[in-house]
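Everything on this sheet refers to the single structure shown next.
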Amino acid sequence: MLIDAAVLGPPQVWEASGHLGNFSDPLVDCTNCKNRFRLDKLDDPDTCPECGEKNSFTEAREFNLMFKTFIGPGGTQPGYIRPETAQGMFVNFQRLLRHYRDRLPFGAVQIGKSYRNEISPRQGVIRLREFSQAEAEIFINPRNKTHPRFIEVADLVMTLYSKEGQERGETEEMTVGEAVEKGIMAHETLAYYVARTYQFLIEAGLSYDRLRFRQHKDDEMAHYAVDCWDAEALLDRFGWIEIVGVADRTDYDLKSHMAQSQANLTVYLPFDEPRKQEKLVVKPDMKKLGPLFRKGAKAVADALCTLPLEDLKRDPIVVEVDGENVEIDPALVSFEMVDEEIRGEEIVPHVIEPSFGIDRILYSVLEHSYREEMVEGETRAVLALKNRVVPIQVAVLPLMDRVELIAPAEEIAQILRSLDLRVEYDSSGSIGRRYRRNDEVGTPYSVTVDYETLEEGTVTIRDRDSMSQIRVKKDEVAEKVTALLKGEMEFSEAGSPLQS
RNA sequence: GCGCCGAUAGUGUAGUGGUUAUCACUAUGCGUUGCCAACGCAUAAACUCGGGUUCGAAUCCCGGUCGGCGCACCA
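The opening residue of the first sequence carries number -12 in the working numbering; numbering runs sequentially from there.
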């Protein structure tokens, strides 16, 4: 389920997420050598480790990566702009749980802008103060991390850069099934989402040989996490950069929100078989304890309930209340062992978190799709986007800008548009220029209307990647183009080759 | 956040206090053109933003924003 939660949040949310604590560092500058340090990392908070100067530090300044603002009039209630979208899923956990009818697993995704006051937001689109994320939280049963649809991805081969692989500096090609079997990936569910991420990135247009999954080493992974894999894309300017992270964050986030908000963020999981358990039930006689102990009665009763069986059998019964031993007449307490049926338990789900950096993915898709090639001594620029992601699906071009060609071309364009295709009609300049222009923006197919269209009712379709052309009946263009766009038909089989 | 450098049409650029702000490509229009950036003519299009100095600022000064490099920070 896709949700759209608040961008602005009160401090409690970011307290629970750890962003207020961990994203905030006290920084000090040495007035002598101008170096900057984190106060909490200094051995001696009064001495500069660089130049040895004493008491040369400026006042510690809190530097937090979150943008702070104030909610409401008066300026007294602080608020923070989200540094990640993920918290929205935790904050709305109870709603989601109810939506999914109290059963595991379930998940939610969110797409939106996040904001970090980066100290050094360089490298263009790679590090921004305002960026787009798509994050999911998949809540699962910690006792069972298998995945029912794992078999669908088990044979998928991916390039993995495991912890061990990084020691050796080697990546390995491996199926997802093998990675789980060998214990390289922690469990099926994590592996399943890594695999789905891989499929998504390939479908979006990343190049096989410039994409890998790198496992976090133990020292870079958050202490509570079980396993974490980053999809990394190889880029000319930046080298390997992280574009997606998939982590098993265990129950850390939910527990942290529970502690902060006192809300019950657990799921009741019934056992397969109800379990029988003997339980000691203690019933203090409050009618008599009340008058006897007055205000202390409640504390006495509570203390009695925690006593083990053998202590209850004494006469008198001795309980400790507020550090004092109190004697109780056994007649004032009854107790018995009962067989209790336990049908299930409250558990805090674990969470698998795939987190996508949309800006970085978009940049990677563009770079991996772009190529230049020499054609008859000229450079041809091609944006070989996947059909799924092209902005223009088909261009309709009259061979020349003449009325007798324009009319049928416009008619074809209209038919294609009526099928909800994204169509570009262009009659300007030479046909060659128009082909190249469409190559540059990634248009996969160009339909050209020429004089044979008038004579024989056929048009040509040109393929962006191969520049080859086929001739098809005018009446079949819509059907053929649609099939080609869906990948249901090979280009060479869609029509007869053009003799030029 | 510090230091150094930079920012001129869509792109790449010329321009050292007074220019109608240069040139090419691109784009648009017309003509031409029988399938891969052809050609001709015309047109459109810019001084990063805010202050200041000056009779006059793209040009000099200060500040902001954005970008590059180094340091620091982050992951």
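The beta-carbon is built from N, C-alpha and C at its ideal position, and this holds for glycine as well.
Taking C-beta atoms under 8 angstroms as the contact rule, Leu198 and Thr146 qualify, at a distance of about 7 angstroms.
A check of alpha carbon separations from Asp217 across Ser405, Ser149, Met387 identifies Ser149 as the nearest. The beta carbon of Arg367 lies closer than 6 angstroms to those of Glu360 in the same chain, with the five residues before and after it left out. DSSP places Asn374 within a helical segment (H, G or I) once states are collapsed to three.
Per DSSP, the continuous beta strand (DSSP E) segment holding Ala121 begins and ends at 117 to 127.
Assignment of alpha helix (DSSP H) within the stretch 344 to 421, counting only whole runs of 4 or more residues, yields 345 to 356, 390 to 405 in chain order. Buried is the label assigned to Phe80, since at least 16 other Cβ atoms lie within 10 Å of its Cβ.
Taking the Cα positions, Glu175 is about 45 angstroms away from Glu411.
Linking Gln401 to Ser453 through their CA atoms gives a straight-line distance of about 26 angstroms. Uninterrupted alpha helix (DSSP H) stretches at least 4 residues long and entirely within the stretch 155 to 180 occur at 163 to 168, given in chain order. Here Val233 is near Leu177, since their CB atoms are less than 8 angstroms apart.
The Cβ atoms of Ala396 and Leu406 lie no closer than 8 angstroms to each other. DSSP places Val287 within a helical segment (H, G or I) once states are collapsed to three. Membership of Thr440 in the alpha helix (DSSP H) is indicated by the continuous run 438 to 443. Bounds of the beta strand (DSSP E) holding Ser321 are 320 to 334.
Under a 10 Å Cβ-count criterion, Asn425 is classified as buried, with 16 or more other Cβ atoms of the shown protein chains found around its own Cβ.
Assigned with DSSP and collapsed to three states, Gln247 falls in helix. Within the DSSP bridge table, the entry for Val468 names no partner. Annotation: Tyr350 to Gly192 spans about 11 angstroms, alpha carbon to alpha carbon.
Taking the CA atoms as reference points, Asp462 sits about 42 angstroms from Ala121. Counting along the chain, Met145 sits inside the beta strand (DSSP E) bounded by residues 144 to 148. A residue is called buried once 16 or more other Cβ atoms fall within 10 Å of its Cβ, and His337 is buried on that count. Proximity of the stretch 323 to 336 to the stretch 222 to 231 falls short of the contact definition, fewer than three beta-carbon pairs being nearer than 8 angstroms.
In this structure, the beta-carbon distance from Ser414 to Asp388 falls below 8 angstroms. For the set Arg90, Lys266, Arg420, Met172, the Cα lying nearest the Cα of Glu323 is the one of Lys266. Between the beta-carbon of Val144 and that of Glu160 there is about 6 angstroms, and that keeps the pair under the 8 angstroms contact cut.
For Lys274, the enclosing alpha helix (DSSP H) stretches over residues 273 to 280. In the DSSP assignment, His337 forms a beta bridge with Ile127.
No Cβ-Cβ contact shorter than 8 angstroms links Ile339 with Tyr239. In the structure shown, Val306 adopts extended strand secondary structure according to DSSP, grouped into three states. Apart from sequence neighbours up to five positions away, the residues of its chain that approach Ser101 with a beta-carbon distance below 7 angstroms are Arg69, Pro70, Glu71, Thr72, Phe118, Gln120, ordered along the chain. Across the structure, Asn131 and Gly170 are spaced so that their CA atoms are roughly 16 angstroms apart. In terms of Cβ geometry, Glu124 and Gly94 form a close pair [threshold 8 angstroms].
No Cβ-Cβ contact shorter than 8 angstroms links Ile345 with Leu386. Where Ala3 is concerned, the enclosing alpha helix (DSSP H) starts and stops at -2 to 4. The continuous stretches of beta strand (DSSP E) do not include Gln81, which lies in the alpha helix (DSSP H) extending over residues 80 to 86.
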